[in-house]
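Participant:
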Amino acid sequence: MKNIFYLLFIVYIFTNCNDATQKHTKTNSIVLSAKVEAIFQKMTLKEKIGQLNLIRTGKSVKTGEVVSKNVEDKLKTGLVGGIFGLQGKRNIRSAQQIAVNKSRLGIPLIFGLDVIHGYKTTFPIPLALSCSWDMKLIEQVAHSSAIEATSDGLNWTFSPMVDIARDPRWGRIAEGAGEDPFLGSAVAKSMVKGYQGDKLSENNTMLACVKHFANYGATEGGRDYNTVDMSDIRCYNEYYPPYKAAIDAGVGSIMTSFNVLNYIPATANKHLFTEILREQWGFSGFVVTDYTAINEMINHGIGKDLQEVSYKALNAGIDMDMVGEGFLTTLEKSLEEGSINKDQIDIACKRILKAKELLGLFDNPYRYLEESTDLLNKDTRQLARKAATESIVLLKNNNSILPLTNDIKIALIGPLANSKENMLGCWNVAGDYKQAVTVLKGVQSFVGKGNVMYAKGANITDNLKLTNRVNALGKQIEIDKRSPADMIKEAVNISNKSDVIVAVLGEAANMSGEASSMADISLQDSQKKLLKALKSLNKPIVLVLFNGRPMTLKWESENLDAILDVWFGGTESGNAVADVLFGKVNPSAKLTTSFPLSVGQIPVYHSMLNTGRPDNKSHKKFRSNYLDIANEPLFPFGYGLSYTQFEYGKIKLSDTVLTPQKPIIASIDITNSGKVEGEEIVQMYIRDIVGSISRPIKELKGFEKIQLKPRETKTVRFEINEALLRFYNSGLKYESESGKFEVMIGKDSENLSKTGFVLYLK
Ligand code: BGC
2 MKNIFYLLFI VYIFTNCNDA TQKHTKTNSI VLSAKVEAIF QKMTLKEKIG QLNLIRTGKS
62 VKTGEVVSKN VEDKLKTGLV GGIFGLQGKR NIRSAQQIAV NKSRLGIPLI FGLDVIHGYK
122 TTFPIPLALS CSWDMKLIEQ VAHSSAIEAT SDGLNWTFSP MVDIARDPRW GRIAEGAGED
182 PFLGSAVAKS MVKGYQGDKL SENNTMLACV KHFANYGATE GGRDYNTVDM SDIRCYNEYY
242 PPYKAAIDAG VGSIMTSFNV LNYIPATANK HLFTEILREQ WGFSGFVVTD YTAINEMINH
302 GIGKDLQEVS YKALNAGIDM DMVGEGFLTT LEKSLEEGSI NKDQIDIACK RILKAKELLG
362 LFDNPYRYLE ESTDLLNKDT RQLARKAATE SIVLLKNNNS ILPLTNDIKI ALIGPLANSK
422 ENMLGCWNVA GDYKQAVTVL KGVQSFVGKG NVMYAKGANI TDNLKLTNRV NALGKQIEID
482 KRSPADMIKE AVNISNKSDV IVAVLGEAAN MSGEASSMAD ISLQDSQKKL LKALKSLNKP
542 IVLVLFNGRP MTLKWESENL DAILDVWFGG TESGNAVADV LFGKVNPSAK LTTSFPLSVG
602 QIPVYHSMLN TGRPDNKSHK KFRSNYLDIA NEPLFPFGYG LSYTQFEYGK IKLSDTVLTP
662 QKPIIASIDI TNSGKVEGEE IVQMYIRDIV GSISRPIKEL KGFEKIQLKP RETKTVRFEI
722 NEALLRFYNS GLKYESESGK FEVMIGKDSE NLSKTGFVLY LK
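Residue numbers (this note's numbering): 2 to 763.
1) Hey, quick one: how far does the beta strand (DSSP E) through N398 stretch, first residue to last?
2) Taking 8 Å as the cut-off, is the beta-carbon of D115 closer than that to any non-hydrogen atom of the ligand BGC?
3) Which first and last residues belong to the beta strand (DSSP E) in which V714 is found?
4) Run the proximity test for D291: is its beta-carbon closer than 8 Å to any non-hydrogen atom belonging to the ligand BGC?
5) How many angstroms separate the CA atom of L208 from the CA atom of D153?
6) Quick one: using the 10 Å Cβ neighbour count with 16 as the cut-off for buried, is V1 buried or exposed?
7) Do you know offhand how far W556's Cα is from V691's?
8) Given 8 Å as the limit, tell me if H213 has its C-beta closer than that to any heavy atom belonging to the ligand BGC.
9) Let me know the secondary structure DSSP gives L760 once reduced to three states.
10) Taking the alpha-carbon positions, what's the Q646 to G675 distance?
11) Which residues does DSSP pair with F596 in a beta bridge?
12) Might you give, ordered along the chain, the residues of its own chain that have their beta carbon closer than 8 Å to the beta carbon of P588, omitting 5 neighbours on each side?
13) Should E239 be labelled buried (16 or more other beta-carbon atoms within 10 Å of its own) or exposed?
14) Under 8 Å: does the beta carbon of M323 sit that close to some heavy atom of the ligand BGC?
15) Any idea what DSSP makes of W157, helix, strand or coil?
16) Quick check on the DSSP output: the alpha helix (DSSP H) that includes F328 runs from which residue to which?
17) Can you tell which of P541, S537, A459 has the C-alpha that lies nearest to the C-alpha of L524?
18) Can you tell me the Cα-Cα spacing of V193 and I489, whole angstroms?
19) From the DSSP output, which residues share a beta bridge with T257?
20) Rounding to the nearest angstrom, what Cα-Cα distance links E681 and G426 in this structure?
21) Using only the heavy atoms of the ligand BGC, determine whether one of them is closer than 8 Å to the beta carbon of F287.
22) Regarding M192 and the ligand BGC, is the C-beta to nearest heavy atom distance less than 8 Å?
23) Would you kindly work out how many angstroms separate the C-alpha atoms of K536 and I542, rounded to a whole number?
24) What does a CB cutoff of less than 8 Å around K1 pick up in its chain, not counting 5 residues either side in sequence?
25) Taking the alpha-carbon positions, what's the L610 to I409 distance?
26) Please name the residue in N722, T672, N626, E720 whose C-alpha comes closest to that of P711.
27) For E203 and N263, I'd like the C-alpha separation in whole angstroms.
28) Let me know the secondary structure DSSP gives P404 once reduced to three states.
29) So T206 and Y217 are in contact, right, with Cβ under 8 Å, and what is the actual spacing, rounded?
30) Run the CB neighbour count on D749, radius 10 Å, all protein chains shown included, and call it buried at 16 or more, exposed below.
31) Going by C-alpha to C-alpha distance, which of T220, D168, D291 sits closest to G113?
32) So the candidates are A563, K530, E48; which of them puts its Cα closest to the Cα of L546?
33) Pull up the distance between the alpha-carbon of D526 and that of G575, whole angstroms please.
34) So, is R105 buried or exposed, given that buried needs 16 or more other C-beta atoms within 10 angstroms?
35) Determine the burial state of K27: buried for a count of at least 16 other Cβ atoms within 10 Å of its Cβ, exposed for fewer.
36) For V440, count neighbouring Cβ atoms within 10 angstroms of its own Cβ and tell me buried if that reaches 16, exposed if not.
The structure is reproduced here in structure tokens:
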């Protein structure tokens, strides 16, 4: 039922994506309450520009690491609109008191932080959570994060990141929902709803900030901050929908991206921030830059100095400057020189005041300092455990080796088996890794200490240069004093005495995330050597993988018995792994990004266009294929196994003719033919066979997660209406086209049965 709701919502989004040629009328109409308007009327130019200034402090205004200079003076003179990076009620209160009591107009500050996957309670990284395909859960996680963060004084999160990402070399793939715009849109909406709730002024909801507009995830070569060049058709059909979905869900702010898009840095891109965002989509919140993104445009070569790049940003439609203070220090001069006008500053200032008004800060600047919640409590831990188990993807399970019974001897091997430092994943600014549950601890709680033998077996990497770079934000890779050979020897000895080897391997948490691109996305050599030594023992091996990105796992998939992809599960990682390993929870997650067979295939994703010479798996000459490997990824989008089996019936269509007035229903029976209860994520894809432009070989157009008891059958129904078939054509009009379509339903993007229908528009 809940998924029908999401389907309808996505249909709504796609239906309401205005033609790129149409303009919105709502632009620039910001109506403030009488009280706030009266304050605005009293503001000097300097104070207005001050509202556009977002500064960063350390954890406390006075004593912590202060990134922005003279913070207290700036607060007193009304030169700050918001602060980010400040944590803890006392610090936030003291900053707010200065702004409210000591500045001329007493305008309250907003307080932002990267609450990306939890606050004190850390949930799975966003890429992991997206693999649950469970929108209710995702909303709950965002809401729980908001409750914790707001009870500590914060009211603005720089989340969700909804950048479509199809290149696992890019470290920030960890922060998003994967490769697909339909699923990405549903996730974007759930997260915005979770953070903002129904009413922003409640003291347990917070302003969300969708990021990074636009197309940061398509950075060339997967290298962070790099260039993006993309056709408008692809932007509108494949990369923009999740941003648009967040906006339709009412997100209050949006962040620019660091990259250049089609030769213009996003932060100076008027096409993005005025034409698309305001005129086409009618966004009425405010735009904040990414961290010093204005200043960085000097490096991008579109301005000779901070003044020029700053006025270019304002002219593009940017409202708030994160940290760089280009607006603060140069806009007055630009106004005198006529590069900008007064209205632009007024509008930007009003948008920020409006957000503060909606947050209820003008009524009570201390609103978010009143509630006290027990942070990281039993309930939030329970939710984190559930979220982590729902995010674990079972990639392989030969001879049903999993779940394990708890009467066997387990050799728990690997550098991530007993590593609290690596359980939370990247981008957790408030989480405390010391509170995390390791896999060793989780497994011991199921089978008792006596039945688990542990050895580290290998370092995450033996590469010192890489280690130093990864450890720049905190020690996550610990190079053992023992030699690699000694470590392997210990692991082999222990494994010899066991019934099963559980190898807990993968990446350190900070091998993904910002500025953590990797050219080689396989396991590090140290770990490959360990696995090969373990393999020679002829014992069953289960790989438990921690990773912030899809990895290349050809050898592992051919040689190991089972693979559980945990990603990074957050505070409750170890318990969640144990829940799944021992079958307390039947895994149900499915991949939201394809796992390439080799880096050479990147980008590889399910919704590609066809070529004129499709491969057909023939490997014939003059076909679109590689000489050395297959075209298909190792694990496709939508893939994931369960401890039970699901049988799919035939697709039934209520009609084979679809008109705008009469949708059709595609239905299919799914039966749990195995022995345990389980959840299945049923996926529907559609192919528009002939169009005015080339259309993808398949596009996700519906999904539903169902729960089935052994031998139970359920019928899943997807509504297909005309709006679902619309796309942006070469004139950027959002329209469907008459003709034949294929509808495919199945368990992943490759295992599908199909049938067809015809759309008649007239
Ligand atoms: C990141 C943003 C983040 C900001 C503030 C930037 O480096 O790109 O995603 O919100 O820093 O921490």
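We put the CB at the ideal spot given by N, CA and C, even for glycine.
Facilitator: According to the structure shown:
1) Start and end: 394-398.
2) Yes, since a heavy atom of the ligand BGC falls inside the 8 Å radius drawn around the Cβ of D115.
3) According to the sequence provided, residue 714 is Thr. The question's Val does not apply to it. In the DSSP annotation of this structure, the continuous segment of the beta strand (DSSP E) that includes T714 starts and ends at 714-721.
4) Within the cutoff, so yes.
5) The straight-line gap from Cα to Cα measures roughly 15 Å.
6) Shown here, the chain extends from 2 to 763; a query on residue 1 therefore has no answer.
7) W556 and V691: Cα-Cα distance of roughly 39 Å.
8) Remark: the C-beta of H213 is in contact range of the ligand BGC, defined as less than 8 Å to any heavy atom.
9) DSSP, reduced to helix, strand and coil, places L760 within a strand of the structure shown.
10) When rounded, the distance between both Cα atoms is 5 Å.
11) According to DSSP, which records beta bridges pairwise, F596 is partnered with F636.
12) The residues are T390, I393, V394, L395, L565, V581, G641, L642, S643, Y644.
13) Result: buried.
14) Yes, Cβ of M323 sits closer than 8 Å to a heavy atom of the ligand BGC.
15) It is a strand residue.
16) F328: member of the alpha helix (DSSP H) spanning 327-338, first to last residue.
17) Ranking P541, S537, A459 by Cα distance to L524 puts A459 first.
18) Across the structure, V193 and I489 are spaced so that their CA atoms are roughly 47 Å apart.
19) T257 pairs with F214.
20) C-alpha of E681 to C-alpha of G426: approximately 26 Å in a straight line.
21) For the ligand BGC, not one heavy atom lies less than 8 Å from the Cβ of F287.
22) Incorrect: M192 has no Cβ contact closer than 8 Å to the ligand BGC.
23) C-alpha separation (whole angstroms): 7 Å.
24) This structure cannot speak to residue 1, because the chain is shown only from 2 to 763.
25) Taking the straight line from one Cα to the other gives about 49 Å.
26) Answer by Cα proximity: T672.
27) So the two alpha carbons sit approximately 40 Å from each other.
28) Looking at P404 - three-state DSSP - the assignment turns out to be coil, as it is neither helix nor strand.
29) With 8 Å as the limit, T206 and Y217 do not qualify as a contact, their Cβ atoms being about 26 Å apart.
30) Result: buried.
31) Of the candidates T220, D168, D291, the one whose C-alpha sits nearest the C-alpha of G113 is D291.
32) Minimum Cα distance to L546 is reached at A563.
33) Taken atom to atom, the span from the alpha-carbon of D526 to that of G575 is near 25 Å.
34) Flag for R105 reads exposed.
35) Low confidence applies to K27: its pLDDT is 46, below 50, so where it sits in the model is not reliable, and the reading given next is rough at best. Taking every protein chain shown into account, the CB of K27 has fewer than 16 other CB atoms within 10 angstroms, so this residue is exposed.
36) Burial is judged here by how many other beta carbons sit within 10 angstroms of a residue's own beta carbon; V440 has at least 16 and is buried.
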